[in-house]
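A short write-up of the structure that comes next.
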Amino acid sequence: MDYNLYYGVKSNRLLIVSNRAPEFTTAVKNTLPGVFVVRYNYDTSSLDDIISKIDDKMQHRKVKSIAILMHSDETQFYICSTNEKVLNGDSLIDDPDINYFLKSLSDYCHRGSSRLDFFNSRLASNCVKYQLCLALRQLTQCDVGIWPDLMGEEYNGELYFNSSDIRPTKTALDGYQRIRTVGKGAFGVATLYRNTNKNNLVVIKQINMLDMTAQERQLALNEAKVLSLLNHPYIISYYGSFEMDGVLMIEMEYADGGTLAEYLIGRNTNLLPERQILEMFLQMSEAIQCIHQRNILHRDLKTTNVFLTKQRKVKLGDFGISKIMTTKLQALTVVGTPYYISPEMCEGKQYDQKSDIWALGCILYEMTSLQRTFDASNLPALIHFITKENFAPIPLCYSLNLKKLVNDLLQKDPLRRPDANYLVEIVPDFIDFITDSNWIQESSEVELSNEDLLNRSVVYQFSSPTNLTPVQLPFRIQIVQLAVSQTHFVALTSDYSIFTWGEDKHGQLGHGEETPWKNDPQCVVSLMDKHITQVGAGQHFSVFVSSTGLVMTTGDGKYGALGHGDWNSVSRPKLIDFLLKVDVVKISCGNYHLAVLTNEGQLYTWGRGNYGQLGLGNLQDWQV
């Protein structure tokens, strides 16, 4: 008897597929005749259960290669939920069960020319894939490939699948050019794309539904549902949604001016003119009026969810936890951001549209005072302040009308707060009253703004032991950080612009070219809309950190100092893929190495390690 006959067909391949794998149905449906197929349930199977299923299918037969389909993220494959078994660089070293499982898989292969293929991988970078492949080869003694789709490179997918049915003629993102990540949240990543057919910028929020519970999926779907009901000039426009390989894509309008939170931070201590505050507040009120008229609660109003255009036009967004009130019953679930939740929500009482009005009052207070309405170091203290204490008065330069408006919005009793209809009716009168009465605080605010424009930074260089020469920077800029290496200079301004000058032999200035020297500072155009908040300079490289915790490097890749997983140099700032999973809050540069600290207290180091400066217990250079 030929033990390698499978349903009368010569078989020398095995496909192992999790029910949570992307394109699960497509893969199983288009498997070639003679390929052994073992399916398992991710949520209920253990490693032993998977091996047992393979044993039952194989009956002591062996194959030339094994294909594996599991769901994954930027750093690892998810094998099974039981005991939370994952495949990554750490588990290959630390988890004996993973080692035994993989060695058992390799035992089903003929020795000599066997291979393992992982398809539909979402691993973030080639460096992560390369390191994992290398470790798997050493463990299993098989050739290993990790591929981003079902067909793999060249012909590997054709060993298992019918290529004519697998290869798509067009993907859902054809016609979109990826530009950059603009935000990361609990349920996904927001990415900026250019729609090449319409030549406009859009944001596509990508939400991996495969890794979610039913409740989380409902929250994710809710945003698309709510946005589809709304059409208003001061609300982020909804263009459509679609699903691709288990990932929900929500396409929406791009607001090119950042968030209100970023704008207020950029003001430092320079108060906003009252007219500007009220005009922006009126736009927010009209947006809230629109959603309340449709019986929708936003439930997460905050300055980071108020987006702006470059003309400072308001665009209300992020409706992920909004609630559609289908009955007259009030909502009960406590949701939202702690600094903006209302007293009734803190006390677990029923709430309605007036909780959104409270949050709107907190936003208005921040616009007047450039600080939170209520703040505390822990949640119990914050709840106490919200429910029991009064907020500090807004600055004296603002009118009695504005002070009364803030007080009305922040009434502890929701019945005493105005509704959105009242705000839309009364705020235009407040704006006209400022103009007609020629309020002195308005003119003083103009003077304050003019004085702010005259504040500028000057950088001097020693041109000789006794002479200081000013660097030719733009006249009206304020430098908030200056990074200096032995070869070049990087300046960060208060409006998030980056100016570089000095040696550029390795592209460390980030202008997309390599030149011996640039004497005059030039703005790094590619970083103008990235909201850079920190900069650093190594011997021949520069590093930039955005307000969202993303890290970019440019310059000499020697010793792997750029963190891109190789020694290649680049002349424009490039994202460090490995750090996309974390939010970086602090950076520090050596001559040839770099250290970053995340918001969770994790420290990452890479680059030259010849003196142990990386702190990794050895003297090796590390690329990431």
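With positions in the sequence shown counted from 1, the corresponding number in this note's numbering is that position plus 31.
By construction, the Cβ of each residue, glycine as well, lies at the ideal position given by its N, Cα and C atoms.
Looking at 326, 273, 344, the one whose alpha-carbon comes closest to that of residue 286 is 344.
Within the same chain, Cβ atoms closer than 8 Å to the Cβ of residue 178 are found at 148, 149, 150, 151, 152, 184, 187, 188, the five residues on either side in sequence being excluded. One thing to note: residue 280 has its Cβ no nearer than 8 Å to the Cβ of residue 234. When secondary structure is reduced to three states using DSSP, residue 490 falls in the coil class, being assigned neither helix nor strand.
Here residue 539 is not near residue 597, since their CB atoms are 8 Å or more apart.
Under DSSP, residue 283 forms a beta bridge with 234, 269.
Membership of residue 59 in the alpha helix (DSSP H) is indicated by the continuous run 55–60. The shortest C-alpha to C-alpha distance from residue 72 to any of 406, 138, 113, 136 is the one to 113. Counting C-beta pairs with one atom in each stretch, the segment 524–531 and the segment 541–558 have three or more that are closer than 8 Å, which means they touch.
For residue 454, the closest alpha carbon among the candidates 412, 493, 387, 331 is that of 387. Residue 66 and residue 140 have their C-alpha atoms spaced approximately 13 Å apart. For the pair residue 375 and residue 424, the CB atoms are not nearer than the 8 Å cut-off. The beta carbon of residue 413 sits closer than 8 Å to those of 369, 370, 405, 406, 407, all from its chain and outside the five residues before and after it, given in chain order. Nearest neighbour of residue 398 by Cα position, chosen from 54, 145, 524, 293, turns out to be 293.
Looking at the backbone, the Cα of residue 261 and that of residue 321 are separated by about 8 Å. Around residue 389, the same chain offers 373 as residues with beta carbons nearer than 6 Å, after the five sequence neighbours per side are excluded. Take residue 432, set aside five residues on each side of it, and the residues of its chain with a beta-carbon closer than 7 Å to its own are 461, 464, in chain order.
Ranked by how close their Cα comes to the Cα of residue 307, the residues 268, 273, 459, 440 have 459 in first place. Taking the Cβ atoms as the reference, residue 567 lies roughly 12 Å from residue 522, outside the contact range of under 8 Å. Secondary structure in the segment 93–130: the alpha helix (DSSP H) runs of 4 residues or longer, each lying completely within the stretch, are 120–125 in chain order.
Note on geometry: alpha-carbon atoms of residue 166 and residue 104 lie some 18 Å from one another. The three-state reading of DSSP puts residue 349 in coil, since its state is none of H, G, I, E or B. Here DSSP, grouped into helix, strand and coil, assigns residue 454 to helix.
Around the beta carbon of residue 420, a 10 Å sphere encloses fewer than 16 other beta carbons of the protein chains shown; the residue is thus reported as exposed. The alpha-carbon separation between residue 595 and residue 512 amounts to approximately 25 Å. Around residue 549, the same chain offers 532, 533, 535, 540 as residues with beta carbons nearer than 7 Å, after the five sequence neighbours per side are excluded.
Leaving aside the five residues that flank residue 47 on each side, the residues in its chain whose CB is nearer than 6 Å to its CB run, in chain order, 69, 99. Per the DSSP secondary-structure output, residue 583 pairs in a beta bridge with 575, 606. Spanning the alpha carbons of residue 333 and residue 635 requires a straight line of approximately 32 Å. Looking at the backbone, the Cα of residue 266 and that of residue 624 are separated by about 45 Å.
Between residue 323 and residue 384, the gap from beta carbon to beta carbon is short of 8 Å. Bridge pairing for residue 549: 533 [DSSP]. The criterion of a C-beta distance shorter than 8 Å is not satisfied by residue 297 and residue 339.
Of the candidates 612, 621, 577, the residue whose Cα lies closest to the Cα of residue 159 is 612.
Going by DSSP, residue 292 is part of the alpha helix (DSSP H) stretching over 291–297. Cβ contact annotation for residue 128 (same chain, cutoff 6 Å, sequence separation greater than five): 78, in chain order.
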